[in-house]
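Numbering (the working numbering), first residue to last: 1320 to 1497.
Where is the CB? At the ideal position from N, CA and C, for every residue including glycine.
One structure is given here, and the rest of the page talks about it.
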Amino acid sequence: METSITSTEKKEFLHWFLSQYQLKKRESVWILNYLLGQDLLMRKLHFVEMVQYCPRGLYMSTHCSEDASFRFYKQNIMTTDPEKALHDLRMNREEQIYVQLNFRDSFQCADYLAVLEDNPYIPAHLLRNEHDGIQAEEFLKRLSISFERERLKKEIDLALDQNNKEKFQRLTEALKLL
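See the structure below:
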């Protein structure tokens, strides 16, 4: 997997993360510190979302998150035992490792977003494709126009009730333009 995120950037992020957040399991801290000390593993490490779809992934949560504390995924097997994850990291140093960190406001954290990569293993049916995005935008545009049209009609009725000719003309012009 090609990545433009350097090992140094990943290390800097992990140092920052470990200084800012407390993980639910102390073993998660041990694993992250182990990764920090292994240059080969840092090159193989990728921060992603939905790690459960990856061939080998770590799922870790902080105390400020309501997510599960720890999970390790290997192929189709999941364990909550950090010792097994650490053993696998030591024994299979050549394999890619995907990490999902769950913490409050993660998607508002520039440091996290700088190292976050697209998960290449997410099933296609879970991805929002470009066509869906265009359809959603068109739907929202039509909905917005419909809402504005109804609002203008109500204002026109009110202008008629108030016998306000100027407001009536201005609103009907706006309705025609819409």
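- For residue 1468, the closest alpha carbon among the candidates 1456, 1496 and 1444 is that of 1496.
- Annotation note: the segment 1388-1441 contains the following uninterrupted alpha helix (DSSP H) runs of length 4 or greater, listed N- to C-terminal: 1401-1410 and 1429-1434.
- Residue 1475 and residue 1378 have their C-alpha atoms spaced approximately 57 Å apart.
- Around the C-beta of residue 1332, 16 or more other C-beta atoms lie within 10 Å, and the residue is accordingly described as buried.
- Straight-line measurement puts the Cα of residue 1427 at about 39 Å from the Cα of residue 1494.
- Counting every other CB atom within 10 Å of its CB across the protein chains shown gives residue 1396 a total below 16, marking it as exposed.
- Taking the C-beta atoms as reference points, residue 1376 is found nearer than 7 Å to residue 1417.
- Note on geometry: alpha-carbon atoms of residue 1420 and residue 1431 lie some 9 Å from one another.
- DSSP places residue 1361 in no beta strand (DSSP E) but in the uninterrupted alpha helix (DSSP H) bounded by 1358-1363.
- Distance from the CA of residue 1414 to the CA of residue 1363, rounded to the nearest whole angstrom, comes to 7 Å.
- Restricting attention to 1459, 1457, 1487 and 1461, the CA atom closest to the CA of residue 1471 is found in 1487.
- By the CB criterion at 7 Å, residue 1359 and residue 1412 fall inside the cutoff.
- When the beta-carbon positions are compared, residue 1399 and residue 1340 stay at least 7 Å from each other.
- One thing to note: residue 1438 has its Cβ no nearer than 7 Å to the Cβ of residue 1348.
- Residue 1389 counts as buried, since no fewer than 16 other beta carbons sit within 10 angstroms of its beta carbon.
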